[in-house]
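To start, the structure under review is shown below, and the notes come after it.
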Amino acid sequence: MAPDHPLFDTLTGIVGAAGVVTAADDIAPYAIDWRRLFPGTPACVVRPKSTAEVAAVVRACRAAGVALVPQGGNTGMAGGAVPDASGRQVLLSLNRMNAIREVDPVGLTLEAEAGVILSVAKEAAAASDRLLPISLAAEGSALIGGVVSTNAGGINVLRYGMTRALVLGLEVVLADGRIVNGLRRLRKDNAGYDWKQLFIGSEGTLGIVTAAVLRLVPKPRHSVTALIAVEKPEAALRLLDKAQTEIGDTLQAFELISGASIALVGQHAGLKCPIAPASWFLLIEAGSTLPGLRDAAEALLASAFEDGMAVDGVIAETGAQAASLWALREHITESEAREGKSVKHDISVPLTSIPAFLAETEAMLAEVAPGIRLNVFGHLGDGNLHYNVMIQSGHDAGSINRAVHDMVTRYGGSISAEHGIGQYRVEELQRTRSPEELALARQLKQALDPAGLLNPGKVLPHG
Ligand code: FAD
Ligand code: 2HG
Ligand code: ZN
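To convert a position in the sequence shown, counted from 1, into the working numbering, add 3.
Right, here's the structure in full:
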């Protein structure tokens, strides 16, 4: 967009000069995604401070026929928050809308603007002795609006559900600039269509999330964290089954980590695993407001060793030890990035199919892409694995990606369990969903954004 385009003056009139970023150096951090795979060229970055300003920006861009790309903390894994290279798309950053409006520990709710950092919202809940149970390694940067717009998952989905399960109310700005205020703090609300669900997880393609009411839960006072080595994924599932039976209502994380992932973290983050190398590890966490959990968890693990499900393990004795076990898990993504190029797959398959899926996919890749290395880890309790394939020159990322997704489809799985489609998976979504599902998606887009100016080319192809 030419520097003298009248839209720049209009936007400055709405958000003030400090709210419009045009200098190349200042735009740079907004212009490329976390994985540095999708560089874009924003016409400018606009940073409104209120819902009314967001609405005015949306109306101004619509009048000028200019597309808007919403951005939160820019930690997304699918390239959804960065514009294309045309230089004609305006990047709408929500990072100045950062008020926590209310924490209600009795009603168990927290109302926050879209630009509040997830960890800051969690701290506010903790200050009222409550838990906001959305936990991800990017929580120090991801913003509430981004978390809602991606329907983020993370390590506590097993107990508390995806973000969708924790959103009670939402405020959105529609593509025509109207503000819809649904910031209700109700557990029960069956009055008409639950329209907020359309905006949760739609990655900024149907509307702009400006604020949310999130559900809080009681904060566990007692918790147990254990790192356990298992020989095979089958044993991990048997242990999950046993844990569901014996301490199921307290289980909050059941993560699978391959030996290769632990090795990467040792190499690139310098973190030492407290138990001997193994093919697979489980990082398990349980929490309760009631005492007695540790005894139950120790009994569970003791019998898991007797039954041969577990071969080695450690239970954290202190909060600091628990944090150091979690650090191993949290540094995998960063360590993988340092190691080199990878083809990421964020897949889910029915839980009981995981061992067969892992065996069959590894054998298939050895055939079609010899020399690849795997970095497999993820949220086993949710049937969601990050099946990341580390490649070298000569490997064809596209064909590896399609081969893994074909296997996922054959197992009745999903090609995106939690990270979304963004621009990274647009073609694969088209390839793997039915014509009826894709037509329905286009109908929704047409109804809510007929001019196609909200995050075009993300989730669905252009046009
Ligand atoms: P962004 O990256 O800024 O945006 C993501 C998408 O939402 C884009 O399409 C953007 O256009 C849209 N968007 C952003 N804000 C708004 C808004 N206010 N209104 C409308 N649309 C908007 N994800 C998981 O699910 N589970 C994990 O365990 C997990 N772990 C991660 C670990 C690391 C180290 C990293 C880097 C990422 C991880 N992620 C994980 C991915 C990412 O953190 C989440 O998707 C997060 O929810 C994105 O939030 P964000 O504010 O950074 O959004
Ligand atoms: C996690 O579970 C994230 O740590 C990131 O979802 C996964 O790096 C990845 O592929
Ligand atoms: Zn994940």
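Cβ atoms here follow ideal geometry from the backbone N, Cα and C, with glycine treated the same way.
Any non-hydrogen atom of the ligand 2HG within 6 Å of residue i CB
{"i": "residue 344", "result": "no"}
{"i": "residue 391", "result": "yes"}
{"i": "residue 336", "result": "yes"}
{"i": "residue 235", "result": "no"}
{"i": "residue 140", "result": "yes"}
{"i": "residue 191", "result": "no"}
{"i": "residue 347", "result": "yes"}
heavy atom of the ligand FAD below 6 Å from residue i C-beta
{"i": "residue 80", "result": "yes"}
{"i": "residue 73", "result": "yes"}
{"i": "residue 206", "result": "yes"}
{"i": "residue 288", "result": "no"}
{"i": "residue 327", "result": "no"}
{"i": "residue 112", "result": "no"}
{"i": "residue 212", "result": "yes"}
{"i": "residue 98", "result": "no"}
{"i": "residue 84", "result": "yes"}
{"i": "residue 194", "result": "no"}
{"i": "residue 146", "result": "yes"}
{"i": "residue 150", "result": "yes"}
{"i": "residue 77", "result": "yes"}
{"i": "residue 455", "result": "no"}
{"i": "residue 37", "result": "yes"}
{"i": "residue 421", "result": "yes"}
beta-carbon residue i near the ligand SAH non-hydrogen atom, thresh 6 Å
{"i": "residue 447", "result": "Among the ligands present in this structure, namely the ligand FAD, the ligand 2HG and the ligand ZN, the ligand SAH is not found."}
Own chain residues within Cβ distance below 7 Å of residue i, not counting five before or after
{"i": "residue 459", "result": "70, 465"}
{"i": "residue 13", "result": "63"}
{"i": "residue 175", "result": "183, 202, 210, 211, 212, 213"}
{"i": "residue 170", "result": "151, 199, 203, 215, 217"}
{"i": "residue 419", "result": "349, 428"}
{"i": "residue 82", "result": "36, 40, 41, 425, 426, 427"}
{"i": "residue 255", "result": "159, 161, 162, 288, 289, 290"}
Residue burial classification, residue i (beta-carbon count within 10 angstroms, cutoff 16)
{"i": "residue 172", "result": "buried"}
{"i": "residue 306", "result": "exposed"}
{"i": "residue 330", "result": "exposed"}
{"i": "residue 453", "result": "exposed"}
{"i": "residue 184", "result": "exposed"}
{"i": "residue 491", "result": "Residue 491 is absent from the model: the chain starts at 4 and stops at 466."}
{"i": "residue 199", "result": "buried"}
{"i": "residue 143", "result": "exposed"}
{"i": "residue 434", "result": "exposed"}
{"i": "residue 78", "result": "buried"}
{"i": "residue 74", "result": "buried"}
{"i": "residue 28", "result": "exposed"}
Pick from the options that is closest to residue i, judged by C-alpha positions
{"i": "residue 360", "options": "283, 30, 394, 416", "result": "416"}
{"i": "residue 374", "options": "385, 294, 394", "result": "394"}
{"i": "residue 20", "options": "38, 50, 137", "result": "50"}
{"i": "residue 187", "options": "271, 208, 214", "result": "214"}
{"i": "residue 131", "options": "32, 371, 112", "result": "112"}
{"i": "residue 36", "options": "7, 72, 398", "result": "72"}
{"i": "residue 322", "options": "376, 283, 290, 146", "result": "290"}
{"i": "residue 390", "options": "451, 398, 403", "result": "403"}
{"i": "residue 93", "options": "120, 79, 25", "result": "25"}
{"i": "residue 99", "options": "156, 164, 119, 273", "result": "119"}
{"i": "residue 106", "options": "97, 125, 117, 201", "result": "125"}
{"i": "residue 110", "options": "194, 438, 216, 168", "result": "216"}
{"i": "residue 3", "options": "312, 309, 325, 189", "result": "Beyond the ends of the chain as shown, which are 4 and 466, falls residue 3; an answer cannot be given."}
{"i": "residue 136", "options": "436, 156, 376, 195", "result": "156"}
{"i": "residue 60", "options": "348, 76, 18", "result": "18"}
{"i": "residue 285", "options": "261, 299, 301", "result": "261"}
{"i": "residue 473", "options": "340, 369, 230", "result": "Outside the displayed span of the chain (4 to 466) sits residue 473, for which this structure offers no information."}
{"i": "residue 378", "options": "190, 259, 287, 438", "result": "259"}
{"i": "residue 282", "options": "265, 66, 164", "result": "265"}
{"i": "residue 310", "options": "256, 238, 122", "result": "238"}
{"i": "residue 288", "options": "303, 279, 274, 278", "result": "303"}
Cβ-based neighbour list, residue i, same chain, cut-off 6 Å, excluding 5 preceding and 5 following
{"i": "residue 410", "result": "364"}
{"i": "residue 133", "result": "108, 219, 222"}
{"i": "residue 297", "result": "227"}
{"i": "residue 308", "result": "none"}
{"i": "residue 86", "result": "43, 45, 72, 92, 94"}
CB contact below 7 Å: residue i versus chain B
{"i": "residue 428", "result": "No chain B appears in the structure shown, which is made up of a single protein chain."}
Contacts around residue i, its chain only, beta-carbon distance under 8 Å, and the 5 residues preceding and following it disregarded
{"i": "residue 88", "result": "42, 43, 44"}
{"i": "residue 178", "result": "61, 65, 209, 210, 451, 452, 453, 454, 456, 457"}
Continuous beta strand (DSSP E) assignments of at least 3 residues falling wholly in the region 276 to 322: Taking only runs of at least 3 residues, the beta strand (DSSP E) segments lying wholly in the region 276 to 322 are 283 to 291, 315 to 318.
Whole runs of the beta strand (DSSP E) within the region 197 to 256, excluding any shorter than 3 residues: Listed in chain order, they are 211 to 218, 225 to 233.
Unbroken stretches of the beta strand (DSSP E), 3 residues or longer, contained in the region 330 to 413: 349 to 351, 376 to 382, 387 to 393
Segments of 4+ residues assigned as alpha helix (DSSP H) that fall wholly inside the region 96 to 180: Annotation: the region 96 to 180 contains the following complete segments of the alpha helix (DSSP H) (minimum length 4 residues), in chain order: 121 to 130, 147 to 153, 160 to 163.
Within the region 39 to 101, ranges of the alpha helix (DSSP H) (whole runs, at least 4 residues): 54 to 67
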